[in-house]
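Notes follow the structure.
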Amino acid sequence: MKATALAHPNIALVKYWGKRDDALILPHQSSLSLTLSPLSVTTTVEFGVPTDAVEINGHTSKGSERERVLRLLESVRAQTKDALGPAKVVSRGDFPMAAGLASSAAGFAALAVAGRAAAGLPSDARAASILARLGSGSACRSVEGGFCEWQRGERPDGDDSFAVQRFDAAHWPDLRMVVAVLDRGEKDVKSRDGMKQTVETSPYYPAWVRDAEEEVPRARAHIARRDLQALGELCERNAWRMHSTSLAADPPLCYLNAGTLGLIQHLREHRKKGIPVWFTLDAGPNPVLLTDAANEVAAEALARACGALDVIRCVPGGDAALKQEHLF
Numbered sequence: 656m657k658a659t660a661l662a663h664p665n666i667a668l669v670k671y672w673g674k675r676d677d678a679l680i681l682p683h684q685s686s687l688s689l690t691l692s693p694l695s696v697t698t699t700v701e702f703g704v705p706t707d708a709v710e711i712n713g714h715t716s717k718g719s720e721r722e723r724v725l726r727l728l729e730s731v732r733a734q735t736k737d738a739l740g741p742a743k744v745v746s747r748g749d750f751p752m753a754a755g756l757a758s759s760a761a762g763f764a765a766l767a768v769a770g771r772a773a774a775g776l777p778s779d780a781r782a783a784s785i786l787a788r789l790g791s792g793s794a795c796r797s798v799e800g801g802f803c804e805w806q807r808g809e810r811p812d813g814d815d816s817f818a819v820q821r822f823d824a825a826h827w828p829d830l831r832m833v834v835a836v837l838d839r840g841e842k843d844v845k846s847r848d849g850m851k852q853t854v855e856t857s858p859y860y861p862a863w864v865r866d867a868e869e870e871v872p873r874a875r876a877h878i879a880r881r882d883l884q885a886l887g888e889l890c891e892r893n894a895w896r897m898h899s900t901s902l903a904a905d906p907p908l909c910y911l912n913a914g915t916l917g918l919i920q921h922l923r924e925h926r927k928k929g930i931p932v933w934f935t936l937d938a939g940p941n942p943v944l945l946t947d948a949a950n951e952v953a954a955e956a957l958a959r960a961c962g963a964l965d966v967i968r969c970v971p972g973g974d975a976a977l978k979q980e981h982l983f
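The sequence shown begins at 656 in the numbering used here and counts up by one.
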């Protein structure tokens with residue numbers, strides 16, 4: 656009744672932005688991401704302890720964070736006939752939470768895989784993806800490695816809304832993602848609230864949904880051919896459109912700052928000089944640069960020259976996996 660799993664974060668190349676069901680975390684449109692290594696979160700789950708306890712990165716979890724963890728484990732209990740009892744959860748990540756990467760994606764993916772194993776449930780990527788989605792939408796894309804597509808689904812119960820691996824981590828070993836940390840501060844508007852505000856008030860939102868859904872098969876085709884330029888251009892276009900939709904919300908949502916815009920502008924100048932580097936950007940000020948192995952040093956140098964406080968170089972990551980060593 657105890658298990659430990661490790662999972663990697665992911666970065667969406669075609670973004671998820673907006674829920675059609677807040678409770679089940681069902682998206683309005685599909686999305687496609689790349690799992691990132693070596694960054695990871697490790698989580699240990701043990702059922703049958705005296706009382707529920709949740710610890711994340713050395714701190715006792717409280718409030719909505721604790722509730723999300725325990726709600727996911729309640730879904731695990733519902734899938735077994737055994738009386739599992741209260742659970743202890745300890746989770747630790749090896750990358751900064753303010754880096755612009757969704758640490759919750761790796762955390763809930765690891766929690767889903769470890770929770771199912773601790774409950775004696777069989778290994779099942781689809782079931783773990785659906786379970787992880789209940790904690791954090793993007794977590795469903797971190798259960799498997801490489802390039803994963805979160806299918807929006809149609810069913811109201813969410814059973815057809817999960818991520819599937821389109822290409823594994825070995826498909827494009829030369830691909831690199833360089834995270835440029837320009838601002839470590841907390842966002843004024845969290846992603847969950849920003850999504851809701853955008854869905855409810857942005858007049859551009861219906862067009863965003865249609866466009867993003869249509870970009871997913873295009874992205875798959877670019878990845879299949881390992882076409883860096885085509886994928887980079889698509890990533891930038893999709894990111895701009897997501898942020899444009901948010902800027903049109905009422906009141907406007909602006910996740911970019913002067914440093915973000917400065918770095919993005921410099922990317923254009925470097926491409927004119929023959930350096931293949933593009934950006935993607937989630938709901939925050941920290942761009943992630945898309946390039947190849949031959950140019951990742953140049954991409955890092957560019958990020959630092961534009962004021963990056965930290966730079967994290969990533970390669971395609973693998974599946975979430977069970978570990979023998981526990982955190983407690």
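Heads up, the beta-carbon is just placed ideally off N, CA and C, and yes, glycines get one too.
Counting beta carbon pairs with one atom in the stretch 841-855 and one in the stretch 971-978, are three or more of them shorter than 8 angstroms?
Three or more Cβ pairs closer than 8 angstroms define a contact, and the stretch 971-978 falls short of that threshold against the stretch 841-855.
With DSSP as the reference, identify every bridge partner of Phe-802, one or two as the case may be.
According to DSSP, which records beta bridges pairwise, Phe-802 is partnered with Leu-689 and Phe-822.
Let me know the secondary structure DSSP gives Lys-670 once reduced to three states.
Lys-670: coil per DSSP, three-state reduction.
If you draw a straight line from the alpha carbon of Leu-922 to that of Arg-873, how long is it in whole angstroms?
So the two alpha carbons sit approximately 23 angstroms from each other.
Apply the 10 Å Cβ neighbour rule to Gln-608 and answer buried if 16 or more other Cβ atoms are within range, or exposed otherwise.
An answer regarding residue 608 cannot be provided, because it is not within the stretch 656 to 983 covered by the chain.
Please list the terminal residues of the continuous beta strand (DSSP E) segment that includes Pro-971.
965-971 is the span of the beta strand (DSSP E), which, as asked, contains Pro-971.
Are the beta-carbon atoms of Ala-761 and Ala-662 separated by less than 8 angstroms?
For Ala-761 and Ala-662, yes; Cβs fall inside 8 angstroms.
Give the secondary structure of His-683 by DSSP, where H, G and I count as helix, E and B as strand, and everything else as coil.
Shown here, His-683 sits in coil according to DSSP, grouped into three states, outside any helix or strand.
Cβ atoms of Tyr-859 and Ser-816: under 8 angstroms apart, would you say?
No. Outside cutoff.
Looking at C-alpha atoms only, which residue of Phe-822, Arg-771, His-714 and Pro-811 is the closest neighbour of Ala-733?
Comparing Cα positions, the closest option is Arg-771.
Over what stretch of residues does the beta strand (DSSP E) that includes Ile-711 continue unbroken?
Judged by DSSP secondary structure, Ile-711 falls within the beta strand (DSSP E) whose first and last residues are 708-711.
Locate the beta strand (DSSP E) running through Glu-701, then write down its first and last residues.
Glu-701 -> beta strand (DSSP E) spans 696-702.
Met-832 - DSSP class collapsed to helix/strand/coil
Looking at Met-832 - three-state DSSP - the assignment turns out to be strand.
Does the beta carbon of Pro-971 sit closer than 8 angstroms to a beta carbon anywhere in chain B?
Absent here is chain B; the protein component of the structure consists of one chain.
Three-state secondary structure (DSSP) at Ser-793?
Three-state result, Ser-793: helix.
Hey, how far is the Cα of Trp-933 from the Cα of Phe-702?
Across the structure, Trp-933 and Phe-702 are spaced so that their CA atoms are roughly 45 angstroms apart.
Option nearest Leu-776 by Cα separation, candidates Asp-866, Cys-961 and Lys-657:
Checked all of Asp-866, Cys-961 and Lys-657; the closest Cα to Leu-776 is Lys-657.
Kindly indicate the opening and closing residues of the alpha helix (DSSP H) around Phe-983.
It is not in any alpha helix (DSSP H) - Phe-983 carries neither H nor E in the DSSP assignment.
On the criterion of 16 or more Cβ atoms from any shown chain inside 10 Å, does Thr-706 qualify as buried, or is it exposed?
Flag for Thr-706 reads exposed.
Judging by CA-CA distance, which residue of Ala-780, Asn-665, Arg-788 and Thr-946 is the nearest neighbour of Ser-730?
Among Ala-780, Asn-665, Arg-788 and Thr-946, the Cα nearest to that of Ser-730 is on Arg-788.
For the candidate residues Gly-887, Ile-967 and Asn-893, whose alpha-carbon lies nearest to that of Asp-866?
Out of Gly-887, Ile-967 and Asn-893, Asn-893 has the C-alpha closest to the C-alpha of Asp-866.
At the level of alpha carbons, what is the spacing between Met-897 and Lys-927?
C-alpha separation (whole angstroms): 25 angstroms.
DSSP three-state label for Asp-815, please.
Coil.
DSSP on Leu-756, reduced to helix/strand/coil?
Collapsing the DSSP output to three states places Leu-756 in coil.
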